[in-house]
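**Q** Handing you a structure now.
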Amino acid sequence: MKKILSLIHDDFEDLELWYPILRLQEAGYAVDIAGEQANHTYHGKYGVPAVSGLTYAEVRVDDYEGLLIPGGWAPDKIRRFPEVLDIVRAMNARGDVIGQICHAGWVSISAGILQGKHVTSTPGIKDDMKNAGGLWHDQPVVVDGHLVSSRRPPDLPEYMKAFLTALST
Numbered sequence: 002m003k004k005i006l007s008l009i010h011d012d013f014e015d016l017e018l019w020y021p022i023l024r025l026q027e028a029g030y031a032v033d034i035a036g037e038q039a040n041h042t043y044h045g046k047y048g049v050p051a052v053s054g055l056t057y058a059e060v061r062v063d064d065y066e067g068l069l070i071p072g073g074w075a076p077d078k079i080r081r082f083p084e085v086l087d088i089v090r091a092m093n094a095r096g097d098v099i100g101q102i103c104h105a106g107w108v109s110i111s112a113g114i115l116q117g118k119h120v121t122s123t124p125g126i127k128d129d130m131k132n133a134g135g136l137w138h139d140q141p142v143v144v145d146g147h148l149v150s151s152r153r154p155p156d157l158p159e160y161m162k163a164f165l166t167a168l169s170t
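Okay, so the sequence shown: first residue is 2 according to my numbering, each after it adds one.
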């Protein structure tokens, strides 16, 4: 079965984690959730729980063909782990599909993979994206090669269509 990795920490945006996971499962993908701790229950901004199946350090990049980074406040925590930055850099170098929505761009910024890439995000981190070398656009979804970015929960249907399309190419 094809596998996708999703990163998690407390205060993730509930819809930005669960909607993509459910859409991917409907499309026949398995989704593993990695967090700071394995088998730990993390809670979204609105209280919806999600349990990590493995730690960031346990992730084997070769097991996955895509990465999902949810927004919310979690990306500011997620990006502090060197293992996460290594995962993002490795998947980027391999050309794996990387999806980021809302504040998730913070993780890509810290991984240093945005230089010259067309991206979008919540307008709140637009300057951060630009300062990291990203070419920011105020659009529901922006695809630049294997990088798929989106702004916020109302854009989720377009985001996941683009993410699934990127996986199939």
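Here a beta-carbon is modelled for each residue, glycine too, at the ideal position from N, C-alpha and C.
With H, G and I counted as helix, E and B as strand and the rest as coil, what does DSSP make of residue 62?
**A** The answer is helix: DSSP assigns residue 62 an H, G or I state.
**Q** Could you spell out where the alpha helix (DSSP H) holding residue 109 opens and where it closes?
**A** Note, residue 109: alpha helix (DSSP H), 106-112.
**Q** Looking only at C-alpha atoms, which of 11, 24, 3, 123 sits nearest to residue 139?
**A** It is 123 whose Cα lies nearest to the Cα of residue 139.
**Q** Beta-carbon within less than 7 angstroms of residue 22's beta-carbon, same chain only, minus the 5 sequence neighbours each way: which residues are those?
**A** Once the five neighbours on either side are set aside, the close Cβ partners of residue 22 are 7, 32.
**Q** Alpha carbon to alpha carbon, how far is residue 51 from residue 19?
**A** Looking at the two C-alpha atoms, the distance is approximately 9 angstroms.
**Q** Distance check for residue 149 and residue 73, CA to CA, integer angstroms please.
**A** Going from the Cα of residue 73 to the Cα of residue 149 covers about 17 angstroms.
**Q** Determine the extent of the alpha helix (DSSP H) in which residue 115 is found, giving its start and end residues.
**A** Residue 115 -> no alpha helix (DSSP H), and no H or E assigned at all.
**Q** At what residues does the alpha helix (DSSP H) containing residue 166 begin and finish?
**A** Where residue 166 is concerned, the enclosing alpha helix (DSSP H) stretches over 157-169.
**Q** Could you give the first and the last residue of the continuous alpha helix (DSSP H) run that contains residue 22?
**A** Residues 15-27.
**Q** Measure the C-alpha to C-alpha separation of residue 66 and residue 75 and round it to an integer number of angstroms.
**A** Going from the Cα of residue 66 to the Cα of residue 75 covers about 22 angstroms.
**Q** Considering only residues of the same chain and omitting the five flanking positions on each side of residue 121, which have a CB-CB separation below 6 angstroms?
**A** Once the five neighbours on either side are set aside, the close Cβ partners of residue 121 are 138, 140, 143, 150, 152.
**Q** Based on the DSSP secondary-structure assignment, which residues constitute the bridge partners of residue 43?
**A** The partner list for residue 43 (beta bridge, DSSP) reads 51.
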